[in-house]
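**Q** The sequence shown begins at 31 in this note's numbering and counts up by one. A virtual CB, placed ideally from N, CA and C, is assigned to each residue, including glycine. Before anything else, here's the structure in question.
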Amino acid sequence: MTPKLQDGCGRNIDYLRISITDRCDFRCIYCMAETMQFLPRQQVLTLEEIERVSHLFVSQGVRKIRLTGGEPLVRPGIVGLCQRIAALPGLRELVMTTNGSQLVKLARPLADAGVKRLNISLDTLDPKRFRTITRTGELGRVLHGIEAARNAGFSAIKLNTVVMHGRNSDEVPALVDFAISHGLDITFIEEMPLGDVGRSRNESYCSSSWVRERIASRYTPIDSAEHSGGPARYARVSGHPDTRIGFISPISQHFCDTCNRVRMTAEGRLLLCLGHEHALDLRGLLRRHPLHDAPLLEAVQQALLRKPARHDFGNADVQVLRFMNASGG
Ligand code: SAM
Ligand code: SF4
Numbered sequence: 031m032t033p034k035l036q037d038g039c040g041r042n043i044d045y046l047r048i049s050i051t052d053r054c055d056f057r058c059i060y061c062m063a064e065t066m067q068f069l070p071r072q073q074v075l076t077l078e079e080i081e082r083v084s085h086l087f088v089s090q091g092v093r094k095i096r097l098t099g100g101e102p103l104v105r106p107g108i109v110g111l112c113q114r115i116a117a118l119p120g121l122r123e124l125v126m127t128t129n130g131s132q133l134v135k136l137a138r139p140l141a142d143a144g145v146k147r148l149n150i151s152l153d154t155l156d157p158k159r160f161r162t163i164t165r166t167g168e169l170g171r172v173l174h175g176i177e178a179a180r181n182a183g184f185s186a187i188k189l190n191t192v193v194m195h196g197r198n199s200d201e202v203p204a205l206v207d208f209a210i211s212h213g214l215d216i217t218f219i220e221e222m223p224l225g226d227v228g229r230s231r232n233e234s235y236c237s238s239s240w241v242r243e244r245i246a247s248r249y250t251p252i253d254s255a256e257h258s259g260g261p262a263r264y265a266r267v268s269g270h271p272d273t274r275i276g277f278i279s280p281i282s283q284h285f286c287d288t289c290n291r292v293r294m295t296a297e298g299r300l301l302l303c304l305g306h307e308h309a310l311d312l313r314g315l316l317r318r319h320p321l322h323d324a325p326l327l328e329a330v331q332q333a334l335l336r337k338p339a340r341h342d343f344g345n346a347d348v349q350v351l352r353f354m355n356a357s358g359g
């Protein structure tokens, strides 16, 4: 099928990431400040509005939708929403990024609802550090959640780790061991300067090439050309066919030439690029045109022409004022 959504650089857009809520039960130090003001509920899109936008994008050739947040699993009604989005004709896969805290209860219902793959954030295997990094989270609960997800029948589960010097960088090999011994993929992410989180990010910045060298001290990573429709570059380690190691390198090696995605925030702003403020107010359009999608589609097509060619995070501490939980990471 011919892709229908194209940006001004000729890139086809077939991947939509939706932030279901800006709220979260954790306060990760790279994502949020210690005290956060969340959106008033009436400013957040309703589940029906989210479904309508999903339908619109899928009808225009979007093949992959990721539900994220904030923490998507703290939003009431999430399983029903997944069921309805997964059933949209033409959607190839509905996937989700979660912190894992609710998976003991929700892994099976999500898999049954049609969520194909899960990304679960895990930055450390040390309970005390886990509490320090997430400020409120409990490692044991997330590990049980990962176990529940492994038993629930997802086609793939990937761990996401933001690597920070002085916080968890010494655990890179142990996290790879964990992924291998549980038959999971793992992706290491460079920290991005989104929002003022009250600490200098430069001090803890860890490049993907540094992480790769740490992995090479224990394993032999072999570059792989495979991709999962997102920004990660992958490697395999010999002798462990069930685990892929991914690197997301928004700072050291941007991946903008092949960008195929846009994000919608919880309040319905269509963000054209994570590293810029260019956005379209979809909520206003949804509420002004409750019965007709044509004005929304026209506005989306026009907005895509303004999608920036690339982001450039450089090394300033705060480059985009919005926090990651508000961006749909
Ligand atoms: N709450 C869910 C979770 O933590 O997986 C989903 C939302 S979270 C914003 C999505 C992903 O963004 C997580 O893997 C998290 O580690 C990552 N993330 C958050 N802030 C980040 C930052 N400043 N730089 C890089 N990755 C970040
Ligand atoms: Fe919550 Fe995810 Fe942000 Fe952590 S990274 S505070 S779990 S939204």
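Please work out which residues of its chain come closer than 7 Å, Cβ to Cβ, to I95, disregarding the five sequence neighbours upstream and downstream, and give them in chain order.
**A** In the same chain as I95, and ignoring 5 residues on each side of it, the C-beta atoms closer than 7 Å to its own belong to L46, I48, S84, I115, L121, L124, in chain order.
**Q** Verify the contact flag: F56, CB atom, against every heavy atom of ligand 2, threshold strictly below 7 Å.
**A** Relative to ligand 2, F56 has its C-beta within less than 7 Å of a heavy atom.
**Q** So is R299 buried or exposed if we call it buried at 16+ other beta carbons inside 10 Å?
**A** Buried, because 16 or more other Cβ atoms sit within 10 Å of the Cβ of R299.
**Q** Which two residues bound the contiguous alpha helix (DSSP H) that contains G175?
**A** 169-180
**Q** Out of V267, E243, K34, which one is the CA nearest neighbour of I252?
**A** V267
**Q** Could you pull out every residue in the same chain whose Cβ sits closer than 7 Å to the Cβ of A339, ignoring the five residues on either side in sequence?
**A** C39, C286
**Q** Return the CA-CA distance between R105 and E81, expressed in angstroms with no decimal places.
**A** 14 Å
**Q** Starting from G314, follow the alpha helix (DSSP H) in both directions and report where the run begins and ends.
**A** 312-318
**Q** Spatial neighbours of V348 within its chain, please: C-beta separation below 6 Å, excluding the five flanking residues on both sides.
**A** Any answer about V348 is weak, because its pLDDT of 49 lies below 50 and its placement is not dependable; what the coordinates show is given next. These residues qualify, in order along the chain: P223, D226.
**Q** Around the Cβ of T65, are there at least 16 other Cβ atoms within 10 angstroms (buried) or fewer (exposed)?
**A** exposed
**Q** Given the structure, does C112 come close to ligand 4, in the sense that its CB is under 7 Å from one of the ligand's heavy atoms?
**A** The ligand content of the structure shown is limited to ligand 1 and ligand 2, which means ligand 4 is not among them.
**Q** In terms of alpha-carbon separation, which member of G130, G196, L173, E307 lies closest to I59?
**A** G196
**Q** Which residues in the same chain have their Cβ closer than 8 Å to the Cβ of L315, if we skip the five residues on either side of it in sequence?
**A** P325, L326, A329
**Q** Just to check my reading of the structure: P70 and V109 have Cβ atoms closer than 8 Å, yes? What is that Cβ distance to the nearest angstrom?
**A** Wrong, their Cβ atoms sit about 24 Å apart, outside the cutoff.
**Q** Per DSSP, which residues does T191 bridge with? Please list them.
**A** F218
**Q** Can you give me the start and stop residues for the alpha helix (DSSP H) that P325 sits inside?
**A** 324-334
**Q** To test your reading of the DSSP string, which unbroken alpha helix (DSSP H) runs of 4 or more residues are found completely within the region 206-272?
**A** 238-246
**Q** From the DSSP output, which residues share a beta bridge with Y45?
**A** Its beta-bridge partners are K94, R291.
**Q** Under 8 Å, Cβ to Cβ, is there at least one residue of chain D near A178?
**A** Considering every chain present, this structure includes no chain D. It has just one protein chain.
**Q** Does DSSP put I281 in a helix, a strand or coil?
**A** coil
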